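Student: Take this structure first; my questions come after.
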Amino acid sequence: MLDPKLLRSQLDEVAERLARRGYTLDTERFRALEARRKEIQTRTQELQSLRNSRSKAIGKAKAQGEDIQPLLDEVAELGERLKASEQALRELQAELDAFLLEIPNLPDDSVPVGEDEEDNLELRRWGEPPQFDFEPRDHVDLGAPAGLLDFEAAAKITGARFAVMRAGIARLHRALIQFMLDTHTREHGYTEVYVPYLVNRDSLYGTGQLPKFAEDLFHVEGEHDWYLIPTAEVPVTNLARDEILPDEALPQRLVCHTPCFRSEAGSHGRDTRGLIRQHQFEKVELVQFVRPGESWDALEALTAHAEAILQKLELPYRVVALCTGDLGFSSAKTYDLEVWLPGQGRYREISSCSNFLDFQARRLKARWRNPETGKPELLHTLNGSGLAVGRTLVAVMENHQDAEGRIHVPKALQPWMGGIEVIG
RNA sequence: GGAGGGAUGGCUGAGUGGUCGAAAGCGGCGGUCUUGAAAACCGUUGAGGCGCAAGCCUCCGGGGGUUCGAAUCCCUCUCCCUCCGCCA
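Using the numbering used here, you'd call the opening residue of the first sequence number 354 and step up by one each time.
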């Protein structure tokens, strides 16, 4: 959520910056809501003040044994007016809150202006796409024939967009998770956390999945109002919800492996082949809570931590700055890491690293105590994939294949593979 | 699943329907003392909103109700704890 004070004081500037990301802010509506809010709030508070002072007077008079009936008559219809006014204020505030919750974050000034992913800005490349003296296969052709990847079995058990893995590929998949967790904890200073995979509504509001993106989520039926997590970002970032962290506790670097569940409601017909877009996939997520002054440096560091995984796995990739039109709802700036996939002959997103500034923190009431002022202030949140495991598996298979269709395990990963160097 | 007990400021924990936004302790901050530190002592210290300010308003798990007035009474929901049962 944006700072309501900012909207009140610099509405036109805010509207201009939101327009860059293709969002039209209804400034007239906001002005109208604000004007009414101010009026009703003032009136309500006057009535409350009057009630408070009258009630105190009654208490005092009663204590001194005076006749309180005249005073009671005086406030006779005050209660009704106050109740009506409070009700009106509540309704208007709800309307205003709903309006504010729909507004995306302001793009940082360094974000390239553009409409869609075509306008994203490539910042750098690492590694060379491998040259094969044979026609490289995609991961489905590499895994499916031997049953190492089995989409038919998954379709029978559940449906489309699920996968079954077996033997060496299942092992490789698990090794990637352990490798990522160990690298981030041992080399990048992250603390590993384990969290619930089902979350309540408050958590989804906190990180911004609700109210706007309910259709992307799986909602669990039953007595509890729970949702399957679409990313570890939700439970992990919500660790800071309603907290006031001491200065010493910052910055916090958290790494978490979870499965992720996405309905993919709007993506029928896209990426229907293979592991690229699944309803269930594993991801190792990096989350940071930092002091407000530190978040831009933290974004660069976090992105480098995700890149380190690709480098160790010898996977060619490029770093892209998302343009204003492609930016996620809560993000002020996002770097995507795109890995080279020989099977598709192009770079595909494998990690998305974002600085949310105080946008999530405001919804979450995630704060720290600033030692300079002694007061609680909003902290900054960041996250990034480090990495999406399913897509990393695809990348390893396709980039490290040989003419016989076998997969060569990258050196850095071998300690996690129990001696297996070649799969297939 | 059955029975009971709870939810109060950064933390622990008092609280009779009427100066209670809330005792006390801890912690934090400032000071006295000290070469310095500790101890002791003194002072200070909840969060949020509106307003240029003075100030006003809200908040004692969430929601609703009773009342001139609710942390305190009633209803409801959520969460936590203890015991029993079941269970990976």
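Ideal Cβ placement from N, Cα and C applies to all residues, glycine included. Predicted model, so just to flag it, every value in this text is computed and none were measured.
Using a Cβ-Cβ cut-off of 7 Å (strictly less than) and excluding sequence neighbours within five positions of W649, which residues of its own chain qualify?
Tutor: Taken in chain order, the residues that qualify are N708.
Student: Going by beta carbon distance, what residues of the same chain come within less than 8 Å of G727, once the five residues before and after it are set aside?
Tutor: Excluding positions up to five away in sequence, the list is empty.
Student: If you reduce the DSSP assignment to three classes, tell me which class W649 lands in.
Tutor: In this structure, W649 counts as helix in the three-state DSSP scheme.
Student: Rounded to whole angstroms, what is the Cα-Cα separation between N736 and D469?
Tutor: Using only the alpha carbons, I get a separation of about 22 Å.
Student: Tell me, please, whether the segment 438-448 touches the segment 614-632 by the rule of three or more beta-carbon pairs shorter than 8 Å.
Tutor: Contact between the segment 438-448 and the segment 614-632 is absent, because fewer than three Cβ pairs lie under 8 Å.
Student: What residue range is occupied by the uninterrupted beta strand (DSSP E) comprising F642?
Tutor: Counting along the chain, the beta strand (DSSP E) containing F642 begins and ends at Q633 to V643.
Student: Mapping DSSP to helix, strand and coil, what is D689?
Tutor: Three-state result, D689: strand.
Student: Flag this pair as yes or no: are the beta carbons of P357 and F682 separated by less than 8 Å?
Tutor: Not closer than 8 Å, so no.
Student: Using the rule of at least 16 other Cβ atoms within 10 Å of the residue's Cβ for burial, across every protein chain shown, is P549 buried or exposed?
Tutor: Exposed, since its Cβ has fewer than 16 Cβ neighbours within 10 Å.
Student: Using DSSP with H/G/I as helix, E/B as strand and the rest coil, what is R615?
Tutor: Three-state result, R615: coil.
Student: Could you check what DSSP says for H658 in three-state terms: helix, strand or coil?
Tutor: In this structure, H658 counts as helix in the three-state DSSP scheme.
Student: How big is the Cα-Cα spacing for P599 and Q713?
Tutor: Looking at the two C-alpha atoms, the distance is approximately 19 Å.
Student: Between which two residues does the alpha helix (DSSP H) harbouring H492 extend?
Tutor: Looking at the DSSP string, the run of the alpha helix (DSSP H) that includes H492 is H492 to G496.
Student: Looking only at C-alpha atoms, which of N553, Q631, L400 and V466 sits nearest to A437?
Tutor: Ranking the options by Cα distance to A437, first place goes to L400.
Student: For the pair the segment 742-751 and the segment 657-676, tell me if three or more CB-CB distances fall below 8 Å.
Tutor: Judged by Cβ distances under 8 Å, the segment 742-751 makes contact with the segment 657-676, as three or more pairs qualify.
Student: Near A410, which residues of its chain fall below 7 Å by C-beta distance, leaving aside the five closest residues on each side in sequence?
Tutor: So the list reads L424, once near-sequence residues are dropped.
Student: So what's Y376 in DSSP terms, helix, strand or just coil?
Tutor: Note: Y376 maps to coil in three-state DSSP.
Student: Starting from N539, trace the alpha helix (DSSP H) in both directions and tell me its first and last residue.
Tutor: As written in the sequence, residue 539 is Arg, which differs from the Asn given in the question. Where R539 is concerned, the enclosing alpha helix (DSSP H) stretches over A520 to E540.
Student: Within the continuous alpha helix (DSSP H) that includes Y550, where are the two ends?
Tutor: Where Y550 is concerned, there is no enclosing alpha helix (DSSP H), given that its DSSP letter is neither H nor E.
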